[in-house]
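All remarks here apply to the structure that follows.
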Amino acid sequence: MRYMRLLIANLKRRKIRTILTAGSFAVALFLYGLLATLRSSFNQGVEIAGVDRLTIINKISLIMPLPLAYREQLKQISGVTAVTYANWFGGIYQDESNFFPQFAIDHETWITMFQEYTIPPEQLADFNRDKEGCIVGRKLLDRFGWKIGDRIPIQGTVYGGTWEFNIRGVYDGTRPDDDTSAFWFRFDYFDERRAFEHGTVGWYTVKLSNPDDAAAVAKEIDQRFANSASETTTQTEQAFASSFVKQMGNIELLLLSIGSVVFFTLLLVTGNTMAIAVRERVNELAVLKAIGYPGWLLLALVLAESLTLAIAGGGFGLLLAKLFTLGGDPTGGMLGSFRLQPMAMLYGAAMIVAVGIAAGLIPAVSAMRLRVVNALRRV
Amino acid sequence: MDRNNGQARNLSLIQARNLSKHYRRGDEDINVLHGLNLDVAQGDMVAFMGPSGSGKTTLLNLLGGLDLPTSGSISVAGDEITSMSGNKLTAWRARHVGFVFQMYNLIPVLTAFQNVELPLLLTRLSRAERRAHVETALSVVGLPNRMHHFPRQLSGGQEQRVAIARAIVADPTFLLCDEPTGDLDRKSAGEIIDLIEALVNEHGKTVLLVTHDPLIADRAHRVYHLDKGILIEGNGEEAHQ
Numbered sequence: 010m011r012y013m014r015l016l017i018a019n020l021k022r023r024k025i026r027t028i029l030t031a032g033s034f035a036v037a038l039f040l041y042g043l044l045a046t047l048r049s050s051f052n053q054g055v056e057i058a059g060v061d062r063l064t065i066i067n068k069i070s071l072i073m074p075l076p077l078a079y080r081e082q083l084k085q086i087s088g089v090t091a092v093t094y095a096n097w098f099g100g101i102y103q104d105e106s107n108f109f110p111q112f113a114i115d116h117e118t119w120i121t122m123f124q125e126y127t128i129p130p131e132q133l134a135d136f137n138r139d140k141e142g143c144i145v146g147r148k149l150l151d152r153f154g155w156k157i158g159d160r161i162p163i164q165g166t167v168y169g170g171t172w173e174f175n176i177r178g179v180y181d182g183t184r185p186d187d188d189t190s191a192f193w194f195r196f197d198y199f200d201e202r203r204a205f206e207h208g209t210v211g212w213y214t215v216k217l218s219n220p221d222d223a224a225a226v227a228k229e230i231d232q233r234f235a236n237s238a239s240e241t242t243t244q245t246e247q248a249f250a251s252s253f254v255k256q257m258g259n260i261e262l263l264l265l266s267i268g269s270v271v272f273f274t275l276l277l278v279t280g281n282t283m284a285i286a287v288r289e290r291v292n293e294l295a296v297l298k299a300i301g302y303p304g305w306l307l308l309a310l311v312l313a314e315s316l317t318l319a320i321a322g323g324g325f326g327l328l329l330a331k332l333f334t335l336g337g338d339p340t341g342g343m344l345g346s347f348r349l350q351p352m353a354m355l356y357g358a359a360m361i362v363a364v365g366i367a368a369g370l371i372p373a374v375s376a377m378r379l380r381v382v383n384a385l386r387r388v
Numbered sequence: 028m029d030r031n032n033g034q035a036r037n038l039s040l041i042q043a044r045n046l047s048k049h050y051r052r053g054d055e056d057i058n059v060l061h062g063l064n065l066d067v068a069q070g071d072m073v074a075f076m077g078p079s080g081s082g083k084t085t086l087l088n089l090l091g092g093l094d095l096p097t098s099g100s101i102s103v104a105g106d107e108i109t110s111m112s113g114n115k116l117t118a119w120r121a122r123h124v125g126f127v128f129q130m131y132n133l134i135p136v137l138t139a140f141q142n143v144e145l146p147l148l149l150t151r152l153s154r155a156e157r158r159a160h161v162e163t164a165l166s167v168v169g170l171p172n173r174m175h176h177f178p179r180q181l182s183g184g185q186e187q188r189v190a191i192a193r194a195i196v197a198d199p200t201f202l203l204c205d206e207p208t209g210d211l212d213r214k215s216a217g218e219i220i221d222l223i224e225a226l227v228n229e230h231g232k233t234v235l236l237v238t239h240d241p242l243i244a245d246r247a248h249r250v251y252h253l254d255k256g257i258l259i260e261g262n263g264e265e266a267h268q
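Heads up: the sequence lines are chains A and B, in that order. Counting from 10, one number per residue, gives the positions in the first sequence under our numbering. Counting from 28, one number per residue, gives the positions in the second sequence under our numbering.
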């Protein structure tokens with residue numbers, strides 16, 4: 010603490026340079042915060058996917074349907090305790106920019122399969138009674154200011170015509186990252202009204218009695234439907250979610266590449282600033298050493314200066330990123346969850362400290378090793 | 028005129044024996060000091076004169092523990108400093124030596140008070156004790172009203188006074204002044220040498236100073252002339268007669 014005044018005075022010596030360097034930290038950490046949030050959003054489904062569920066899709070592609078008749082056969086497979094199914098709808102509500110996912114679900118089995126979502130029993134009963142009923146996620150309800158009882162028209166794209174649904178319930182997630190931006194409606198209504206692909210589903214989800222049997226059960230399912238008109242690919246829900254994310258490209262690699270470039274640049278910028286700061290102060294450091302300041306103390310002072318710059322700028326950037334993400338999904342619903350996770354903030358803090366120390370290390374060591382006689386002769 | 032007769036007649040605070048310093052610059056061997064002996068008593072004011080490159084600053088650096096001799100020994104108040112390790116020597120400097128430089132070498136972003144406080148940050152003194160010491164030191168140099176001024180707000184003479192306050196604030200055993208008036212006008216130089224003289228006569232400080240100015244050197248108790256690495260008592264003219 011007793012050297013704090015010296016530290017602050019040195020930082021204030023070249024105010025513009027200090028502000029610009031801290032600013033570059035702030036921008037970099039803000040960017041990191043957003044990238045980490047995006048990564049987490051993309052991987053949200055992977056991270057929260059059930060370990061005891063398998064997803065079965067058509068072997069050719071997710072967009073190819075599977076026969077509804079597979080349901081009974083799936084029930085008979087040893088290790089499978091429940092089966093449900095769904096179909097992607099892909100309609101437009103008012104405007105294309107109002108995107109949100111819509112699924113035709115089996116109303117009798119869907120809710121019991123996904124128990125991480127909660128719906129008040131009376132709302133669920135209303136949904137089961139109304140063929141044109143739908144259940145919407147809390148986030149979606151809030152987004153459009155809907156309320157229970159509202160009639161929602163959705164323009165079909167794949168399945169043409171205007172489809173109208175009555176909001177009968179609202180589902181909530183039990184975990185912070187559960188996606189509550191989806192729109193569920195009844196499969197029986199959907200299957201009746203659509204003009205083609207009757208008696209088919211988009212995918213099945215089965216529940217396992219023992220998650221350890223996932224590989225064996227998946228193999229058995231795929232074998233059961235091998236050489237049929239609709240062969241299957243069965244994978245864990247996590248692997249399915251992960252492959253879904255990968256269809257958008259290698260997000261992880263992209264984010265890692267951008268992040269690495271940003272931090273390497275930051276290291277060079279800050280390292281250069283500290284090197285200039287120390288070079289400008291060689292005379293003063295020599296005087297401090299002459300009057301008895303030990304080398305390790307000069308090393309600590311330079312490192313502390315570099316670290317203070319990093320923490321002030323980086324901390325501000327991270328805080329800004331947190332505040333930005335508190336505002337919620339900026340895409341208006343494309344991302345299920347848009348939250349800067351505590352672990353990502355911790356990584357950010359660790360990076361701030363690492364870059365702060367690394368950037369100050371070489372100048373700090375040169376300050377520590379400074380030969381007073383040579384330094385004073387240079388003046 | 029005595030050659031190498033810097034040995035004092037009374038009890039010595041500083042003793043240098045057979046002090047030599049050689050540098051190697053490329054293929055050239057530069058002998059800066061040759062087998063020099065020196066004794067400085069407590070409360071002495073000693074001036075070193077000589078042409079540029081004669082080894083005055085090198086001698087001061089050796090006596091202040093900033094550099095090590097090629098051979099010979101220096102003891103200060105019984106401490107043999109030439110055998111000390113780097114860290115020990117640094118701690119020794121903090122305790123025993125006050126430095127005054129020609130260019131003042133104050134830290135421009137700190138006030139006079141904060142500059143003078145710098146040596147005390149290395150001690151265990153409390154904030155209040157440090158404040159008391161700094162105020163005393165600034166009063167001794169006649170700048171009690173300039174405590175919160177930055178160096179750029181002070182004249183050259185005032186800056187050198189602050190540098191002297193920084194040198195004396197931790198009550199060192201002796202002061203080393205390397206051309207303390209070299210960058211000042213005649214009036215300011217006179218005030219600074221008056222101050223240094225007062226530190227010796229009124230506060231019992233031991234001062235070793237390097238100067239080119241014979242008027243400044245005349246104020247010292249003893250004057251040594253350094254030429255080609257050899258120390259001669261008396262000013263240069265006497266030495267060459």
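Just so you know, even glycine gets a beta-carbon here, dropped at the ideal spot from N, CA and C. These numbers were taken from a predicted model, which means no experiment stands behind them.
Interface annotation, A:E293: in contact with chain B, CB-CB separation under 8 Å.
DSSP lists B:L202 as the bridge partner or partners of B:G125. Here the alpha carbons of A:E117 and A:F234 stand approximately 25 Å from one another. Counting C-beta pairs with one atom in each stretch, the stretch 240-250 of chain A and the stretch 59-69 of chain A have three or more that are closer than 8 Å, which means they touch. A residue is called buried once 16 or more other Cβ atoms fall within 10 Å of its Cβ, and A:M122 is buried on that count. Contact fails between the stretch 122-133 of chain A and the stretch 162-173 of chain A, because fewer than three Cβ pairs, one in each stretch, are under 8 Å apart. Within the stretch 290-320 of chain A, R290, N292, E293, A295, V296, L297, K298, A299, I300, G301, Y302, P303, G304, W305, L306 place their CB atoms closer than 9 Å to a CB of chain B, listed in sequence order. By the beta-carbon neighbour count (other beta carbons within 10 angstroms, threshold 16), A:L265 is exposed.
Shown here, B:H160 sits in a helix according to DSSP, grouped into three states. In the structure shown, A:K84 adopts helical secondary structure according to DSSP, grouped into three states. Taken in chain order, the members of the stretch 93-125 of chain B whose beta-carbon sits within less than 7 Å of a beta-carbon on chain A are L93, D94, N114, T117, A118, R120, A121. Neighbours of B:I134 in chain A, taken as residues at a C-beta separation under 9 Å, are given in chain order as L15, A18, N19, R290, E293, V296, L297. Residue state for A:T121 is assigned as helix, using DSSP reduced to three classes. For the pair B:A197 and B:P146, the CB atoms are nearer than the 8 Å cut-off.
Residue state for A:Q232 is assigned as helix, using DSSP reduced to three classes. A:M283 and B:A225 have their alpha carbons spaced roughly 42 Å apart.
A residue is called buried when at least 16 other Cβ atoms come within 10 angstroms of its Cβ; B:G231 does not meet this threshold and is exposed. In the three-state reduction of the DSSP assignment, A:K140 falls in the coil class. Comparing alpha carbon positions, the residue from A:V374, A:F325, A:L44, A:Y198 closest to A:W305 is A:V374. Taking a 10 Å sphere around the C-beta of A:T90, we find fewer than 16 other C-beta atoms and assign the residue as exposed.
A distance below 7 Å between beta-carbons, with the five flanking residues on each side excluded, links A:E206 to the following residues of its chain, in chain order: P74. Taking C-alpha positions only, A:A18 is separated from B:V136 by approximately 6 Å.
Using a 10 angstroms sphere on the CB of A:N67, the tally of other CB atoms reaches 16 or more, which defines it as buried. With respect to the 8 Å criterion, A:F192 and A:V145 are classified as neighbours on the basis of their beta carbons. Not flagged as an interface residue toward chain B: A:R26, since no C-beta distance is shorter than 8 Å. Note that the C-beta distance between A:G42 and A:L327 is below 8 Å. Rounded to whole angstroms, the gap between the alpha carbons of B:T85 and B:Y50 is 11 Å.
For A:Y94, the enclosing beta strand (DSSP E) stretches over residues 89-97.
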